[in-house]
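**Q** Under the working numbering, the first residue of the sequence shown is numbered 20, with each subsequent residue one higher. Don't be surprised by glycine CBs; every beta carbon is placed ideally from N, CA and C. None of these values were measured; they are calculated from a predicted model. The structure is given below, and queries will be raised subsequently.
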Amino acid sequence: MKEKILRLKEKALEDIKNAKITKALADLKVKYLGKSGEVTELLKGMKDVPNEEKPAVGKLVNGLRSAIEEFIAEREKALKEAELKARLEAESIDVTLPGKATRRGGLHPVNLVRNELIEAFSGLGFKVFTGPEVELDYYNFQQLNIPADHPARDMQDTFYVTDSVLLRTQTSAGQIRCMENEKPPIKILSPGRVYRSDYDATHSPMFHQMEGLVVDKGITLCDLKGVLEEVCKKVFDKDVKTRLRPSYFPFTEPSVEIDVSCSECGGKGCSLCKGTGWIEILGAGMVNRVVLENCGVDPDVYTGFAFGLGLERIAMLKYGIPDIRYLFDNDIRFLKQF
Ligand code: FA5
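Right, dumping it as C-alpha cells:
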C-alpha cells in the first residue's frame, strides 16, 4: 500500500508539473481528487487495510492528498500569471499604427434641399408645422374646396386606403390642420412626403413637398411674389430665371405656377423640360375665401397666400439631375456626389 501511495504521488506531481494550461490542471484535479478520483479511491480502500496499519497508512493517504492539493494550487497560480501575461501581450495596443479611416456619410440631396429651404424661409419668419401622411379625404380634398367628384381630383391620382382615408397627395392638407388649430397671424412651412400614382422622369409615386401658408390682415399676391423670389434667389444660382404663370387650384384664387429655367439645357429646350425650357417647381395662390371660411377664419378680415413646391424638382434643377428616379435608386455612386 505504501508503495502504491508513493508511486501515485510521484505520478500526480509529474502530471501537475506537465500541465500547460489551467484547463488541464482542472482536469487533473478531478482525476486525482474528484469523487471517483484516484486518491479518493485509495481512501475508500482503507477499509481493507489491517487495523494496526490503518493510522500509518491513513496518515500517508492524507499527506498525499494535501501534497497534491498544494501542488495544484501552486501550479494554478503560476499558470494563471503566465496566461494573464500572454493575454496582456497579445492585446497590447500599438499606438504608433496608423488609424482606420471612417467613411463619412452625407445627407440625401432631397434632405439637403429641404434643409436649405427651411433655413431660407426661417429667415423670413416661417415656422415648421407637420401633418400626417395617412390623411383623411376631408383634409386632403374636401376642406380644400375639392368635394367628392370634383374634376380637380383627377389631377392627383390618389392611393386610397378606404373611401375616406388616403395617402395624402399634397401637403396642402396641413394648411387646414393648421388653420383649424391656430388663429392668424399664421406663417408656416410644412414639409413632408406625399403620394400619387405617377411614374416618369419628372414624376415619382412618392415625393416630397413643402407647403407654405401665410394668413394675416392685408396679405396680397405681391407678398407671395416677393417671398418666393427672395427664396429662389437664395436657393438657386442668381442666373436662374423664374416666371409666374396663371394656373388653377380649387383652394387658391387667383392661382399661379412658378417655373424656373431648365438647368439641363439653360432654357433652350431638352427632354427634361419637354422642350419648353422651363420646369415647374411650385403651385401657389391667394387662399380661396371658401377655404378660410371652412376653417373659421373671416375672409373679410384676413387674407392669405399659400404655395406648395416639389423638393425633388428643386434638387434636380439645383444639381442638374436628369431623371427623378436617380434620387430613389439609392446607388451609392450617385449619392456620394452630394
Ligand atoms: C399641388 O400639389 C398643390 N397642393 C400646390 C399648391 C399649394 C397650390 C398651395 C396652391 C397653394 P401640384 O400638383 O402642381 O400642386 O404639385 C406641386 C409640385 O409638386 C409641382 O410643382 C411639382 O414640383 C411637384 N410634383 C407634383 N407631382 C409630382 C410627382 N409625381 N413627383 C415629383 N414631384 C411632383
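1) Could you give the residue range of the beta strand (DSSP E) that holds Lys48?
2) Report back the beta-carbon spacing between Pro269 and Asn307 to the nearest angstrom; my notes put them in contact at under 8 Å.
3) Would you check whether ligand 1 has a heavy atom nearer than 6 Å to the C-beta of Thr271?
4) How is the beta strand (DSSP E) around Gly302 delimited, first residue to last?
5) With 16 as the cutoff for other CB atoms within 10 Å, does Ile238 come out buried or exposed?
6) Checking 7 Å against the spacing of the C-beta atoms, do Gln228 and Thr190 come in under that value?
7) In the DSSP assignment, find the alpha helix (DSSP H) that holds Met198 and state where it starts and stops.
8) I'd like the list of long-range same chain contacts for Val221, defined as Cβ closer than 6 Å, with 5 residues on each side in sequence excluded.
9) Return yes when at least one heavy atom of ligand 1 lies under 6 Å from the C-beta of Gln189, else no.
10) Heavy atom of ligand 1 less than 6 Å from the Cβ of Asp217, yes or no?
11) Determine, using beta carbons only, whether Leu240 and Met305 come nearer to each other than 7 Å.
12) What are the start and end residues of the beta strand (DSSP E) that includes Val275?
13) So, for Val246: in the same chain, excluding its five sequence neighbours on each side, which residues have a beta-carbon less than 7 Å away from its beta-carbon?
14) Is any heavy atom in ligand 1 found nearer than 6 Å to the beta carbon of Ile238?
15) Does the distance between the C-beta of Phe226 and the nearest non-hydrogen atom of ligand 1 fall short of 6 Å?
16) Any Cβ of chain C within less than 7 Å of the Cβ of Asp348?
17) Pairing CB atoms from the segment 112-119 with CB atoms from the segment 46-59, are three or more of them under 8 Å?
18) Is the beta carbon of Phe255 within less than 6 Å of some heavy atom of ligand 1?
19) Hey, would you say Ser274 sits closer than 7 Å to Ser282, going by beta carbons?
20) Where does Thr59 sit, in a helix, a strand or coil, going by DSSP?
21) Using a Cβ-Cβ cut-off of 8 Å (strictly less than) and excluding sequence neighbours within five positions of Arg172, which residues of its own chain qualify?
**A** Put simply:
1) Judged by DSSP secondary structure, Lys48 falls outside any beta strand (DSSP E) and instead within the alpha helix (DSSP H) spanning 41-52.
2) In this structure Pro269 is in contact with Asn307, their Cβ atoms being roughly 7 Å apart against a cut-off of 8 Å.
3) Yes, Cβ of Thr271 sits closer than 6 Å to a heavy atom of ligand 1.
4) Unbroken beta strand (DSSP E) run through Gly302: 297-306.
5) Flag for Ile238 reads buried.
6) Yes, the pair counts as a contact, with Cβ atoms nearer than the cut-off.
7) Taken as a continuous stretch (DSSP letters only), the alpha helix (DSSP H) holding Met198 covers 192-200.
8) Val is not the amino acid found at residue 221; the sequence shown has Thr there. Within the same chain, Thr221 has close Cβ partners Ile343.
9) Distances taken from the Cβ of Gln189 to the heavy atoms of ligand 1 include one shorter than 6 Å.
10) Yes, the Cβ of Asp217 comes within 6 Å of a heavy atom of ligand 1.
11) Yes; because the gap between Cβ atoms is below 7 Å, this pair is in contact.
12) For Val275, the uninterrupted beta strand (DSSP E) run begins and ends at 271-280, by DSSP.
13) The residues are Leu143.
14) It does not: the Cβ of Ile238 is nowhere closer than 6 Å to a heavy atom of ligand 1.
15) At least one heavy atom of ligand 1 falls within 6 Å of the beta-carbon of Phe226.
16) Among the chains of the structure shown, chain C does not appear; only one protein chain is present.
17) Judged by Cβ distances under 8 Å, the segment 112-119 makes no contact with the segment 46-59, as fewer than three pairs qualify.
18) Not one heavy atom of ligand 1 falls within 6 Å of the beta-carbon of Phe255.
19) Ser282 sits away from Ser274, with the two beta carbons spaced by 7 Å or more.
20) Helix.
21) Same-chain partners within the cutoff: Phe160, Ile165.
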